[in-house]
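Colleague: Have a look at this one before I ask anything.
Number of protein chains: 2
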Amino acid sequence: MTSTIKDVAALAGFSIATVSRAINAPHTVSPATLQTIRTAIDTLQFRPSPLGRQLRGERTRLVGVVVPTLSNPVFADCLQGIDELATAAGFKLILMTTEYDAARERHAIETLREQRVEGLILTVADADTHPLLDMLDRDGPHYVLMHNDTQRRPSVSVDNRRAAYDGVRLLTARGHRRVLMLAGSLAASDRARQRHLGYAQALEESGVATLPPVEVDFNAPELPDAVLAHLTAQATRPTALFCSNDLLAMVVMRGLRRAGFSIPDDLSVLGFDGIAIGELLAPPLASVATPNRDIGRHAWQRLVECIGGATIERTSLILPHVVRDGATVAPPATDLQLRKA
Amino acid sequence: MTSTIKDVAALAGFSIATVSRAINAPHTVSPATLQTIRTAIDTLQFRPSPLGRQLRGERTRLVGVVVPTLSNPVFADCLQGIDELATAAGFKLILMTTEYDAARERHAIETLREQRVEGLILTVADADTHPLLDMLDRDGPHYVLMHNDTQRRPSVSVDNRRAAYDGVRLLTARGHRRVLMLAGSLAASDRARQRHLGYAQALEESGVATLPPVEVDFNAPELPDAVLAHLTAQATRPTALFCSNDLLAMVVMRGLRRAGFSIPDDLSVLGFDGIAIGELLAPPLASVATPNRDIGRHAWQRLVECIGGATIERTSLILPHVVRDGATVAPPATDLQLRKA
DNA sequence: CTGAAAGCGCTAACAT
DNA sequence: ATGTTAGCGCTTTCAG
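Line by line, the protein sequences are chains A and B.
Letter by letter, the first sequence follows residues 1 to 341 in the working numbering.
Letter by letter, the second sequence follows residues 342 to 682 in the working numbering.
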């Protein structure tokens, strides 16, 4: 392993230049020489160091990936999609997580630039107002956003507004009128805003007043009592909940069940993300499913195009979402039934 | 960003050596000079390229992580644990997945070595018989295994045999006698073998015959009919299932429910891994929980010790597991109850 | 077809 | 305190 091109050259009896050519342009070397050198390479188990190449200004074959967390399968799935294609293309992935923290986003991007990555695939909290992205636009490297909902920058996502709209329409179509939206603590994110817009629009079309969204820290082990109280107060009790992500939906459902409520009999629940595990729940979780792995794949493809020198498209690629029906959603209980319960 | 140490030197009016010192050993440079150089660095937005340093034989501050997949939260959690500490220590992580494929394991390790990673953290299918690990022992870089159950190599895991034993004892303590073990398609892995040993031992102590393990592809969308039939055949019907991982447990439970069986009334189910999502299920999944994030953290710490030149300990670090009781496990139905159902 | 040499960005002797 | 220089592993002119 610790053998260098010099060792090969010495063993084969040629100059390092010839060895280099034998590796990178075999046809420019005489067959006999090629043979000798290849033998030397094999016996020494020589593998050219990417560092030398990189330093020469060659491609590093390195791509940075920046996501908020891997605890959420949404991002693990995206990463999986990227990894499939990147590995096949001979690229290496450097991974950094941010925990939705701006300082860490900044640190990750800087670190990755130092490493001379050829491109960046990232999910940030708020794409439109992100100063570092402007810097990337100017100085490179190329980047593609995942899940960020913006028109101004290269990105791959779903139409969050529309997806939320379609999801909430499922609820209103079932007869729900009092629908509450629950958002994670990342309420500041661009996609959270879009989802809320879609939610509001759907309710509006049903002539229903939009209830104020409730913010929940879905990393907390338990659903806070205050939130639980809010969800179940008799006077204003919603008949359905629209959770801005599946993990949140699961935490909320558990909290409600512990408090003695039944889903969907007492309360319908709709998630967002469509993580695979949701389908394995009992009852299966209804959710607005985003094609996470495909988002990762497409992000990779767009990045490769950019790196390849294609005209840099500032446009966002919108992938289709699917409203996945599930047994956590049912028609609302009638007042009579409610009273009985 | 394309500015180099030369640019800084030129702008500041000093040699590149002085600039290098200003960065790496500020105290060896006069305050005035330092000031000038720092200003130049700021205006040029200069950040030293790790490539030059690396080539100089300096530390790359790169660590490779190799896991089978990120679709299984077990590994995503490990990675999360590693990432926390690695980022804090100023290291960068290069991630590669293998999908349990030997060829990909090989490719990943080679690629990472080429990148001159300072260390490797990995989960392989079978650690004891892995030839590449022998090579790493000889030529470096240092590595630490996660989850692999071996005495011969540096590793961090739980005692899989004991953990499975403790889990199955939970079942026998509840009165179960016919306990079937379900294993993923990775039945060849070292930990799968250990888990089966523990399972067998627990049953033996109850004086019960060990049933042959059933292999299930838990990546399949549906539980195959043949497997379902096996699990529910009246004659040999088990009263409890021990699944070698939680994802598998969830797939199996869904299949059983669709076939009209109730859990835990008709059949108890115990998982393995203790992924966080299991606790959110209804009913919460009983599982032998492994401290995945801690496994990642400890793996990191051991790796750092090795890199730091500590005596290379070939020993495995065993972390405690926890048998997490859950409502998917109940006493077996009596024959009477069964007949009723 | 092959070799000599320069240089990528940086650090570390060795000089001054 | 600062500058000069060699060289890390490699690719790539430019000459033979």
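Glycine is no exception: its CB is placed at the ideal position from the N, C-alpha and C atoms.
#1: Could you give the distance in angstroms between the alpha-carbon of S206 of chain A and the alpha-carbon of Q421 of chain B?
#2: Which bits of chain B does M250 of chain A rub up against, with CB to CB less than 9 Å?
#3: Between which two residues does the beta strand (DSSP E) holding V583 of chain B run?
#4: Along the stretch 17–50 of chain A, what residues have a CB closer than 7 Å to any CB found in chain B?
#5: Below 7 Å on C-beta distance, what does S609 of chain B contact in chain A?
#6: My output table needs one value for E556 of chain B: the three-state DSSP class, helix, strand or coil.
#7: 8 Å is my cut-off, CB to CB: does L660 of chain B come that close to chain A?
#8: Name the chain A residues that come within less than 7 Å of S628 of chain B, Cβ to Cβ?
#9: Once the 5 residues before and after A524 of chain B are set aside, which same chain residues still bring their CB inside 6 Å of it?
#10: List the endpoints of the continuous beta strand (DSSP E) containing T438 of chain B.
#11: Please report how far the alpha carbon of A330 of chain A lies from the alpha carbon of S287 of chain A, in whole angstroms.
#12: Which of helix, strand or coil does DSSP assign to D7 of chain A?
#13: Closer than 8 Å, Cβ to Cβ, to anything on chain A: give me those residues from the stretch 407–435 of chain B, in chain order.
#14: For V355 of chain A, which residues of its own chain have a beta-carbon under 7 Å away from its beta-carbon, when the five flanking residues on both sides are left out?
#15: Give the DSSP bridge partners of H321 of chain A, in chain order.
#16: Could you spell out where the beta strand (DSSP E) holding I121 of chain A opens and where it closes?
#17: From which residue to which residue does the alpha helix (DSSP H) around S361 of chain B run?
#18: For the stretch 457–472 of chain B, which residues have a CB atom closer than 7 Å to at least one CB atom of chain A, in sequence order?
#19: Tell me, please, whether the CB atom of E399 of chain B is closer than 8 Å to any CB atom in chain A?
#20: In angstroms with no decimal places, state the Cα-to-Cα distance between P562 of chain B and R379 of chain B.
#21: Does the beta-carbon of S657 of chain B have 16 or more other beta-carbons within 10 angstroms, so that it is buried, or is it exposed?
#22: Below 8 Å on C-beta distance, what does L396 of chain B contact in chain A?
#23: So which of A:V323, A:L241, A:P332, A:N292 has the shortest CA-CA distance to D363 of chain A?
#24: Does any residue of chain B bring its CB to less than 8 Å from the CB of A341 of chain A?
#25: Do three or more CB pairs link the stretch 195–205 of chain A to the stretch 161–172 of chain A at distances below 8 Å?
#26: Can you tell me where the beta strand (DSSP E) holding D273 of chain A begins and where it ends?
#27: Any chance you could list the beta strand (DSSP E) runs of at least 3 consecutive residues sitting entirely within the stretch 397–427 of chain B, in chain order?
#28: Is A381 of chain B closer than 8 Å to A353 of chain B when the C-beta atoms are compared?
#29: Do D297 of chain A and V144 of chain A have their C-beta atoms closer together than 8 Å?
#30: Going straight from the alpha carbon of S498 of chain B to that of T98 of chain A, what length do you get?
#31: To the nearest angstrom, how far is it from the Cα of K347 of chain B to the Cα of S371 of chain B?
#32: Please confirm if T452 of chain B has its CB atom under 8 Å from at least one CB of chain A.
#33: Could you tell me the alpha carbon to alpha carbon distance between H662 of chain B and F613 of chain B, rounded to whole angstroms?
#34: Quick check on T631 of chain B - is its C-beta less than 8 Å from some C-beta in chain A?
#35: Examine chain A for any beta-carbon lying closer than 8 Å to the beta-carbon of M437 of chain B, and answer yes or no.
#36: Does the stretch 42–59 of chain A touch the stretch 99–108 of chain A, meaning 3 or more C-beta pairs lie closer than 8 Å?
Modeller: According to the data block:
#1: Position 206 of the first sequence, counting from 1, holds the residue named residue 206 of chain A. Position 80 of the second sequence, counting from 1, holds the residue named residue 421 of chain B. Cα to Cα, the separation comes out at about 43 Å.
#2: Position 250 of the first sequence, counted from the start, is the residue given in the question as residue 250 of chain A. Going along chain B in sequence order, the residues near M250 of chain A (Cβ under 9 Å) are I618, L621, L622.
#3: Taking the first residue of the second sequence as position 1, residue 583 of chain B is located at position 242. In the sequence on display, residue 583 of chain B carries Phe and not Val. Run containing F583 of chain B: 581–584, per the beta strand (DSSP E) assignment.
#4: R47, S49, P50
#5: On the second sequence, residue 609 of chain B is found 268 positions in, with the first residue counted as 1. Those do not exist, as S609 of chain B stays about 15 Å from chain A at its closest Cβ, beyond 7 Å.
#6: In the second sequence, residue 556 of chain B corresponds to position 215, counting from 1. E556 of chain B falls in the strand class under three-state DSSP.
#7: Here the question's residue 660 of chain B lines up with position 319 in the second sequence. Output row for L660 of chain B: interface = no.
#8: Residue numbering aside, residue 628 of chain B sits at position 287 when the second sequence is read from its first letter. Result: empty, since nearest Cβ-Cβ is about 14 Å, beyond 7 Å.
#9: Here residue 524 of chain B refers to the residue found at position 183 of the second sequence. These residues qualify, in order along the chain: A533, P554, E556, S585.
#10: Residue mapping note: residue 438 of chain B aligns to position 97 of the second sequence, counting from 1. T438 of chain B -> beta strand (DSSP E) spans 433–438.
#11: Here the question's residue 330 of chain A lines up with position 330 in the first sequence. Here the question's residue 287 of chain A lines up with position 287 in the first sequence. Roughly 13 Å separates the two Cα atoms.
#12: Along the first sequence, read from residue 1 onward, the residue named residue 7 of chain A stands at position 7. The answer is helix: DSSP assigns D7 of chain A an H, G or I state.
#13: T410, L411, S412, P414, A417, D418, L420, Q421, D424, T428, K433, L434, I435
#14: What is shown of chain A runs 1 to 341, which leaves residue 355 of chain A out entirely.
#15: The residue given as residue 321 of chain A occupies position 321 in the first sequence. DSSP, once it has assigned bridges, lists no residue as partnering H321 of chain A.
#16: Against the first sequence, residue 121 of chain A aligns to sequence position 121. First-last of the beta strand (DSSP E) with I121 of chain A: 119–122.
#17: Here residue 361 of chain B is taken as the residue at index 20 of the second sequence, counted from 1. Residues 357–365.
#18: R457
#19: Taking the first residue of the second sequence as 1, we reach residue 399 of chain B at position 58. With 8 Å as the cut-off, E399 of chain B does not count as an interface residue toward chain A.
#20: Locating residue 562 of chain B in the second sequence gives position 221, where the first residue counts as 1. Locating residue 379 of chain B in the second sequence gives position 38, where the first residue counts as 1. Their backbone Cα atoms lie some 58 Å apart in a straight line.
#21: As a first step, residue 657 of chain B is located in the second sequence; it is residue number 316 there, counting from the start. The residue is buried, with at least 16 neighbouring Cβ atoms inside 10 Å.
#22: In the second sequence, the residue the question calls residue 396 of chain B occupies position 55. The contacting residues are L51, G52, L55.
#23: Beyond the ends of chain A as shown, which are 1 and 341, falls residue 363 of chain A; an answer cannot be given.
#24: As a position in the first sequence, residue 341 of chain A is number 341, starting the count at 1. The predicted position of A341 of chain A is uncertain, since its pLDDT is 43 and thus under 50; no value can be drawn from it.
#25: yes
#26: The residue labelled residue 273 of chain A in the question sits at position 273 within the first sequence. Taken as a continuous stretch (DSSP letters only), the beta strand (DSSP E) holding D273 of chain A covers 268–273.
#27: 403–408
#28: For the purposes of this step, residue 353 of chain B is identified with residue 12 of the second sequence, where counting begins at 1. For the purposes of this step, residue 381 of chain B is identified with residue 40 of the second sequence, where counting begins at 1. For A353 of chain B and A381 of chain B, yes; Cβs fall inside 8 Å.
#29: Locating residue 297 of chain A in the first sequence gives position 297, where the first residue counts as 1. Locating residue 144 of chain A in the first sequence gives position 144, where the first residue counts as 1. Residue identity differs from the one stated: residue 297 of chain A is Arg in this sequence, not Asp. Taking 8 Å as the Cβ cut-off, R297 of chain A and V144 of chain A do not qualify as a contacting pair.
#30: If you number the second sequence from 1, residue 498 of chain B lands on position 157. If you number the first sequence from 1, residue 98 of chain A lands on position 98. Going by the C-alpha atoms only, they are around 27 Å apart.
#31: Taking the first residue of the second sequence as position 1, residue 347 of chain B is located at position 6. Taking the first residue of the second sequence as position 1, residue 371 of chain B is located at position 30. Each residue's Cα considered, the two are about 19 Å apart.
#32: Residue mapping note: residue 452 of chain B aligns to position 111 of the second sequence, counting from 1. Yes, contact with chain A.
#33: Taking the second sequence and counting its residues from 1, one reaches residue 662 of chain B at position 321. Taking the second sequence and counting its residues from 1, one reaches residue 613 of chain B at position 272. Using only the alpha carbons, I get a separation of about 10 Å.
#34: Taking the second sequence and counting its residues from 1, one reaches residue 631 of chain B at position 290. Not an interface residue.
#35: Numbered from its first residue, the second sequence carries residue 437 of chain B at position 96. True, the Cβ-Cβ gap to chain A drops below 8 Å.
#36: no
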